[in-house]
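Asks: Mind looking over this structure? Questions follow.
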Amino acid sequence: MTPLQLGIIGCGTIGAAHAHAAAASEQIDLVAVADVQRALAEKIAAARTVETVYNSGAELLADARVEAVVLALPASFRIELGLQALQAGKHLLTEKPVARSAGEVRQLISVQGDRVAACCSSRFHFLESNQTVADWVARGEMGALRVLRCRVIFPAGPAPETTPPAWRLSRELNGGGILVNWGCYDLDYLLGISGWQLRPQTVLAQSWRVPATFADAVAPESDGETHIAGLVRCAGGTVLTYERGEYAAAQAEASWEVIGEIGSLRLRMTPAPEKENLQFEATRAEGTISRTLWSGSDSYNDIHRGLLEDFATAVRTGRPPKTTLAQALLVQQITDAMYRSAQTGEAVEISSI
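Per this note's numbering, the sequence shown starts with residue 3, numbered consecutively.
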């Protein structure tokens, strides 16, 4: 396969991770990087032997060598660059969250044409452990799906030495708080391993901001939530229950589950040493029995390289990427509905988003 001629716009932490993954892949040729803070772009270029450095995304998009672009910036800066990239004929891999609203995703879809466009919310699918899970779910051995569940709680730690960046919990810059920072991964993961067959209909949710005790852990101007809980009812009666919290006065927990009529899975989405995904099965003779579906260790390095190589293969072969813009739109619709429900105190229909 001819290497994909790639450009990266945004050379902060996540842009550097993309550059590292691109340099490690025979399927990618990183030809240009851009950042308004030129020193960041030059640092990546020097480390990864990148030929061209630009001071703006517009300059990179004008480079005829660049076939595809990664947008590795906060959400507020990505919509215009995403539209420009697609209109310039570039294939697009945009960081997560895909946008700040479903309306912005629809704008991208409206100009996509025949270009490949994908969202980085899929990156955890590229772990071997999670590919095994998706393959097992596809066999249909759990019966009708009843509940998909995610509950992840991070307790508050000691006072930070430096304040986190302002965009991280900003509705204007990022589209929200922990739901857009992590919920896009959780929802993409659960919907993805279920084959994107679920059709969410109704959402009820509640959110909370950082407790006053831990206010020094976030930027002073933060207005995004640090804790959210919700329920999503899907066509056919399947429900998705969701809770994510950080800076919490609670015990740590990280669990993802898929529960069917005659079987279930207890999973870990994120990489971990000595990780184990468990399968439970209903038997009349023994009741519910359990076995290990997958065990081992996986690495964050796998998620970045797998993401880029999936995108490159989609461009070269014409097959869909792991998470298309249409699928990312569904994740964003759920996200928007959860925020609206939390604000109004009422259930929200997905069809209204």
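In this text, a Cβ means the ideal position worked out from N, Cα and C, and glycines have one as well.
Counting Cβ pairs, one atom from each stretch, are 3 or more of them under 8 angstroms apart for the stretch 155-163 and the stretch 190-210?
Replies: Touching, no, given that fewer than three Cβ pairs across the two stretches are closer than 8 angstroms.
Asks: Taking all protein chains shown into account, decide if T15 is buried (16 or more other Cβ within 10 angstroms of its Cβ) or exposed.
Replies: Start at 1 with the first residue of the sequence shown, and residue 15 comes out as number 13. Under this definition T15 is an exposed residue.
Asks: So if DSSP puts Q203 in a beta bridge, which residue, or which two residues, is it bridged to?
Replies: Against the sequence shown, residue 203 aligns to sequence position 201. Q203 pairs with nothing; no bridge assigned.
Asks: What does a CB cutoff of less than 8 angstroms around S266 pick up in its chain, not counting 5 residues either side in sequence?
Replies: Taking the first residue of the sequence shown as 1, we reach residue 266 at position 264. If we look at S266 and ignore the five residues flanking it on each side, its Cβ neighbours are M144, E259, V260, Q281, F282.
Asks: Does the Cβ of P322 have 16 or more other Cβ atoms within 10 Å, making it buried, or fewer, making it exposed?
Replies: Numbered from its first residue, the sequence shown carries residue 322 at position 320. Under this definition P322 is an exposed residue.
Asks: The beta strand (DSSP E) spanning Q86 covers which residue range?
Replies: Here residue 86 corresponds to residue number 84 of the sequence shown, with the count starting at 1. Element bounds for Q86: not the beta strand (DSSP E) but the alpha helix (DSSP H), 77-89.
Asks: Going by beta-carbon coordinates alone, are P202 and V234 separated by less than 7 angstroms?
Replies: If you number the sequence shown from 1, residue 202 lands on position 200. If you number the sequence shown from 1, residue 234 lands on position 232. Yes. Within cutoff.
Asks: State yes or no: is the beta carbon of Q7 nearer than 7 angstroms to at least one beta carbon in chain B?
Replies: Reference to chain B is not applicable here, since this structure consists of a single protein chain.
Asks: Under 8 angstroms Cβ to Cβ from E82, same chain only, skipping five residues before and after it: list those, please.
Replies: The residue you call residue 82 lines up with position 80 of the sequence shown. Same-chain partners within the cutoff: there are none.
Asks: Answer with buried or exposed for Q264, where buried requires no fewer than 16 other C-beta atoms within 10 angstroms of its C-beta.
Replies: Here residue 264 corresponds to residue number 262 of the sequence shown, with the count starting at 1. Contrary to the premise, residue 264 reads as Ile rather than Gln in this sequence. Exposed, since its Cβ has fewer than 16 Cβ neighbours within 10 Å.
Asks: Which residue marks the beginning of the beta strand (DSSP E) containing W258, and which one marks its end?
Replies: Taking the sequence shown and counting its residues from 1, the one referred to as residue 258 is at position 256. Start and end: 255-262.
Asks: If you drop the 5 nearest sequence neighbours on each side, which residues of the same chain put their C-beta closer than 8 angstroms to that of A349?
Replies: Against the sequence shown, residue 349 aligns to sequence position 347. For A349, where only same-chain residues beyond five positions count, the Cβ hits under 8 angstroms are T204, V205, L206, S343.
Asks: Starting from F128, trace the beta strand (DSSP E) both ways and give me its first and last residue.
Replies: For the purposes of this step, residue 128 is taken as residue 126 along the sequence shown, with counting starting at 1. Careful: F128 lies outside any beta strand (DSSP E) and carries neither H nor E.
Asks: Who does A70 pair with in a DSSP beta bridge?
Replies: Working through the sequence shown from its first residue, we reach residue 70 at position 68. Its beta-bridge partners are L8, H93.
Asks: I'd like to check one pair, T228 with E248: are the Cβ atoms closer than 7 angstroms?
Replies: In the sequence shown, counting from the first residue as 1, residue 248 sits at position 246. In the sequence shown, counting from the first residue as 1, residue 228 sits at position 226. Cβ distance < 7 angstroms, so E248 and T228 count as in contact.
Asks: For V118, tell me which candidate among A70, E255, A284, T243 has the shortest Cα-Cα distance.
Replies: The count along the sequence shown starts at 1 and reaches residue 118 at position 116. Answer by Cα proximity: A70.
Asks: Write down every uninterrupted run of the beta strand (DSSP E) in the stretch 270-350 whose length is 3 residues or greater and which is fully enclosed by it, in chain order.
Replies: Runs found: 277-285, 289-298.
Asks: Can you tell which of F126, E97, D137, S224 has its C-alpha closest to the C-alpha of I305?
Replies: For this step, residue 305 is matched to residue 303 along the sequence shown. It is F126 whose Cα lies nearest to the Cα of I305.
Asks: Please report the distance separating the alpha-carbon of Q345 from that of Q208.
Replies: Your numbering for residue 345 matches position 343 in the sequence shown. Your numbering for residue 208 matches position 206 in the sequence shown. Taking the straight line from one Cα to the other gives about 8 angstroms.
Asks: Just to confirm the assignment: which complete alpha helix (DSSP H) runs, minimum length 4, are found wholly within the stretch 118-158?
Replies: Segments of the alpha helix (DSSP H) lying fully in the stretch 118-158: 130-140.
Asks: Residues in its own chain within less than 6 angstroms of A339 by CB, not counting five upstream and five downstream?
Replies: Translated into positions along the sequence shown, residue 339 becomes position 337. These residues qualify, in order along the chain: V205, V350, I352, I355.
Asks: State the start and end residues of the unbroken alpha helix (DSSP H) segment that holds E44.
Replies: Taking the first residue of the sequence shown as 1, we reach residue 44 at position 42. Here the alpha helix (DSSP H) through E44 covers 40-50.
Asks: In whole angstroms, what separates the C-alpha of A74 from that of L175?
Replies: Along the sequence shown, read from residue 1 onward, the residue named residue 74 stands at position 72. Along the sequence shown, read from residue 1 onward, the residue named residue 175 stands at position 173. Taking the straight line from one Cα to the other gives about 14 angstroms.
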